[in-house]
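Taken in sequence, the protein lines are chains A and B. With my numbering, letter number 5 in the first sequence gets 1385, and the count goes up by one each step, no holes. With my numbering, letter number 17 in the second sequence gets 68, and the count goes up by one each step, no holes. Glycine included, C-beta positions come from ideal geometry on N, C-alpha and C. Input: a single structure, listed below in structure tokens.
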Amino acid sequence: MVNLNIKGKKDNTYDAIVIGSGISGGWAAKEFCDKGLRTLVLERGKNVVHVQDYTTAMKSPWEFPNRGKLPLKIKEDNPILSRCYAYGEDTKDLFSDDKNHPYLQDKPFDWIRSYQVGGKSLTWARQTQRWSTYDFEGPLRDGYAVDWPIRYEDLAPWYSYVERFAGISGNKDGLDTLPDGEFLQPWEMNVVEKSIQQRIMSHYKDRNVIIGRCAHLTKPDAIHLQQGRSQCMARRLCRRGCPFGAYFSSNASTLPWAARTGNLTIRPDAVVHSIIYDEETGRATGVRIIDRLTKEATEYFAHVIFVNASALNSNQILLNSTSSRFPNGLGNDNGLLGKYVAFHNYLGTISAKIDGFQDSYYYGRRPTSIVMPNFRNVHKQETDFLRGYMVFYSAKRGGWTRTVEGEQLGSDYKEALSEPGDWSVFMMMQGETIPKEQSKVHLSKDQTDQWGIPLLRIDVDYDDNDTKMRDDFFSEGTAMLEKAGCRDIKTRDRKQNPGLDIHEMGGVRMGKDPKTSLLNGFNQMHECPNVFVTDGACMTSTSTQNPSLTFMALTARAVDHAVKEMKKGNL
Amino acid sequence: MKRRDVLRTLVFFGVGSLINPAHIWMSCSPKVDRDIMDEGQIVLLGEIAETILPRHKGLPGAKDARVAQFIDQHITDCYTGQERLDLIQCIITIDETAKARFKKSFVRLGAKQRFELLQAFDRAAKANKDKENIAYTNYSKLRSLIVFGFFTSEPGMKKCLRYAAIPGKYSGQIAYKKGDKIWEFN
Ligand SMILES: Cc1cc2nc3c(=O)[nH]c(=O)nc-3n(C[C@H](O)[C@H](O)[C@H](O)COP(=O)(O)OP(=O)(O)OC[C@H]3O[C@@H](n4cnc5c(N)ncnc54)[C@H](O)[C@@H]3O)c2cc1C
């Protein structure tokens, strides 16, 4: 190791350390700071200052040399990242390049990273749904993974807690498959979306169609104004960073809030190498980092450590935290660390056309779509595949990229393109995948990155369950669109690699039994109780919802527990 | 080139005409050896773009939006060498076809002749669904690029579409009547 630079231990000691400043780390920092703990956030990426560093946020399309398209050189240098729809000329600085951040693919896996203060909270698509009772009961009922140590009731108050602060728009739909939350005004559906909704719901008694719930301030409350955030302007340029602070990000919300308490220190450019374990006390004492730029090593100390580096990075850190007590990674007595990784099945999409509605249009860019909560295997096993999928759809009028009737040239053509075309519908699935022991991440034995950290090897793939589920979506989706009056219905398999869903989860799963899980019901390591993992790594199963709201709720709940335990002298 | 294609292409140029852009495409292949456009080709592209998206009813056209200059820079950044060669070859093919048909280069043709020429390309491109004929496949790509360059330009977006940089809100239903312009973001 280079240049071990251990400053006075006292200078480098805090009450709590949080690894990672993304969606979950931002929440951990806010909660600790609010509760009066001196908190250090260690973030491997560069600093990104809210508003000031959103350099492309106010640019018009023609102000980009390639109007949003990526130069060939960048695509060639970033073959993995270039497959991510959100990576473009306007957002490229908020993603981490492939070249400097290598990993090994035992099977094809697209690992999309945003290493920076704020992490992926800047680049995410902001869709937020609660889990339901059925989702937490899934593994037990269907006999896969292990039983969740918590149920919906345990998390419900914490969902409410984070929703109020983050600002979630939605409609109170009263569905048991997608429980209501603390909602700001919902977004509207357009006429075609409404028509499809009505026709599907009147035909299928088991299917509900609702407006998506998302982390946007449609009508800010006092708590949001206090954060310095304001109303969503419906620009949908969100992933460049929002100058209005209108969607939830660590940078707009949790981090500045935490900073205002005076208890927060953020250390950017701090690549966490490992967690330091003390054999005598049986506790973690601190964290070793490598400076991103100088490559210098430093150690920081705290009573409690939260691991929030995002699912696979947290696995990597724990696997690399070896000691004579834990030769295979921190807390890994049962050998399950890194295993039972899962993701979301995005394979299926469907497009269709629909006639009529020519006298209707819409105004503004809505940052969400229409959602159909899972209707498969909800109450009992009904299909030849396990679990189910959520469906998203949206309808819009044809734009200027379309082919018009007649000739594609001349003033008539130009005029035709200046007007909206017919309506079309786009539908996609978001399916649960089953966490399996063979779906795992582990460390390379012989290759390290430029910070001396062993490369992560990812060994995750689709299975039969995923393709059966895709086919079910194709037939159900097609039938629903037919019922809704669509024509030219076309199914398409995206054939995308696992990982490109950017909903990777697991590897450090929660459970009741230390023999079969790594974390307890409060995200606390069974074998090292002052270390908590509250990002996607902790997920026992994946269900069908976009996951980040659940990470937020789990994090706030875990900090609450940690601080209570500290007060009791148990930590 | 299959005989069937040659015949099909000929039809679009009218009886008696012996011009087939696909032949011209192939015969001019060796001429294209530079994958960067020269000044003359940029001017030629500008006129082709203007024929596809002309200034009309006081609204800007492709030349006002400097579409050819944008494409020149954009393909340098974003296209492979081969994609650039194909594109340049496509505009040369149009020019050579003009010379064969009207004995004049494209830029010297009147508006009517330009239109007639590209109309033939357009019809043939439409018939070229199976993408067998590379000359027309590339013509379709060129046209899409011109449309992209125009409607993402400032004059194209602000004058020919409705541009709302900051909509301020979303409404799911507003009335639409024929003639109302599209939102720039559709
Ligand atoms: C394009 C896109 C769309 C998405 N859409 C949605 C959506 O609609 N809804 C949804 O719920 N989710 C969505 N997601 C996923 C969502 O972004 C993640 O689930 C969420 O950000 C995870 O939070 P996190 O705190 O675990 O990780 P992140 O937000 O990724 O934060 C992790 C932080 O840890 C840092 N870090 C990593 N390794 C180390 C280390 N060794 N040392 C120090 N720091 C480290 C990283 O730099 C990063 O800042 C989307 C993601 C993307 C990219």
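Given this structure, state the Cα-to-Cα distance separating A/Leu-1898 from A/Asp-1764, to the nearest angstrom. 31 Å
Got a sec? Which residues, its chain only, sit under 7 Å from A/Ala-1942 by beta carbon, not counting five neighbours each side? Val-1684, Phe-1912 and Leu-1951
Roughly how many angstroms lie between the CA atoms of A/Thr-1435 and A/Cys-1622, to the nearest whole one? 10 Å
Would you say the beta carbon of A/Glu-1533 is closer than 7 Å to some non-hydrogen atom of ligand 1? no
Could you tell me which chain B residues have their CB closer than 8 Å to the CB of A/Asp-1739, listed as they occur along the chain? Ala-226, Tyr-227 and Lys-228
What is the DSSP secondary structure of B/Trp-234, reduced to helix, strand or coil? strand
Restricting to runs no shorter than 3 residues, where is the beta strand (DSSP E) found entirely within the stretch 1396 to 1475 of chain A? 1419 to 1422
Which residues in chain A sit within 9 Å of B/Met-88, going by Cβ to Cβ distance? Chain A residues near B/Met-88: none, gap ~16 Å exceeds 9 Å.
Taking just the CA atoms, how far does A/Ile-1576 sit from A/Lys-1944? 49 Å
For B/Thr-203 and B/Ile-103, the rounded distance between their alpha carbons: 16 Å
Contact check, A/Glu-1423 vs A/Lys-1449 under 8 Å by CB: the rounded distance? Wrong, their Cβ atoms sit about 30 Å apart, outside the cutoff.
Distance, Cα to Cα, A/Pro-1834 vs A/Pro-1488? 19 Å
Is there at least one non-hydrogen atom of ligand 1 closer than 7 Å to the beta-carbon of A/Gln-1507? yes
For A/Pro-1909, which three-state DSSP category applies? strand
Quick one, which residues of the stretch 1775 to 1800 of chain A are near chain B if we go by CB-CB under 8 Å, in chain order? Lys-1776, Arg-1777, Gly-1778, Gly-1779, Trp-1780, Thr-1781, Glu-1787, Gln-1788, Leu-1789, Gly-1790, Ser-1791, Tyr-1793, Lys-1794, Glu-1795, Leu-1797, Ser-1798, Glu-1799 and Pro-1800
Pairwise C-alpha distance: B/Asn-189 and B/Asp-137: 7 Å
So if I threshold CB-CB distances at 8 Å, which residues from the stretch 1602 to 1630 of chain A count as touching chain B? Met-1613, Ala-1614, Arg-1615 and Arg-1616
Residue ranges of each alpha helix (DSSP H) within the stretch 1549 to 1596 of chain A, 4 or longer: 1571 to 1583
My output table needs one value for A/Cys-1918: the three-state DSSP class, helix, strand or coil. helix
Express the C-alpha separation of A/Gly-1811 and A/Met-1849 in angstroms, rounding to a whole number. 8 Å
In the DSSP assignment, the alpha helix (DSSP H) including A/Asp-1940 goes from what residue to what residue? 1928 to 1947
May I ask you to list, following chain order, the residues of the stretch 170 to 200 of chain B that have a beta carbon less than 9 Å from some beta carbon of chain A? Gln-170, Phe-172, Asp-173, Arg-174, Ala-176, Lys-177, Ser-191, Arg-194, Ser-195, Val-198, Phe-199 and Gly-200
Cα separation between A/Gly-1561 and A/Asn-1458? 39 Å
Using C-beta distances below 7 Å, list every residue in its chain close to B/Leu-95, excluding the 5 sequence neighbours before and after it, in chain order. Ile-142, Asp-146, Phe-157 and Val-158
In chain B, what lies closer than 8 Å to A/Leu-1452 by C-beta? Asp-128, Cys-129, Tyr-130 and Thr-131
Of the residues A/Glu-1785, A/Phe-1806, A/Thr-1813 and A/Trp-1780, the one placed nearest A/Leu-1797, counting alpha carbons only: A/Trp-1780
Does DSSP classify A/Ser-1704 as helix, strand or coil? coil
I'd like to check one pair, A/Trp-1407 with A/Met-1954: are the Cβ atoms closer than 8 Å? Nothing about residue 1954 of chain A can be read from this structure; chain A reaches only from 1381 to 1951.
Tell me which residues of the stretch 84 to 110 of chain B have at least one Cβ-Cβ distance to chain A shorter than 7 Å, keeping chain order. Thr-102, Ile-103, Leu-104, Pro-105 and His-107
For A/Arg-1365, which residues from the same chain have a beta carbon less than 8 Å from its beta carbon, with the 5 sequence-adjacent residues on both sides left out? Only positions 1381 to 1951 of chain A appear in this structure, which leaves residue 1365 of chain A out of reach.
First through last residue of the alpha helix (DSSP H) which encompasses B/Ala-171: 162 to 178
Cβ-heavy atom distance between A/Ser-1501 and ligand 1 below 7 Å? yes
Straight-line Cα distance separating A/Phe-1444 from B/Glu-134: 21 Å
Own chain, CB closer than 6 Å to A/Phe-1475, minus 5 neighbours either side, in chain order: Leu-1461, Tyr-1467 and Ser-1494
From what residue to what residue does the beta strand (DSSP E) around A/Met-1770 run? 1769 to 1777
Would a check of beta-carbon distances place B/Lys-153 closer than 8 Å to chain A? The sequence given here has Phe at residue 153 of chain B, not Lys. Judged by the 8 Å Cβ criterion, B/Phe-153 is not in contact with chain A.
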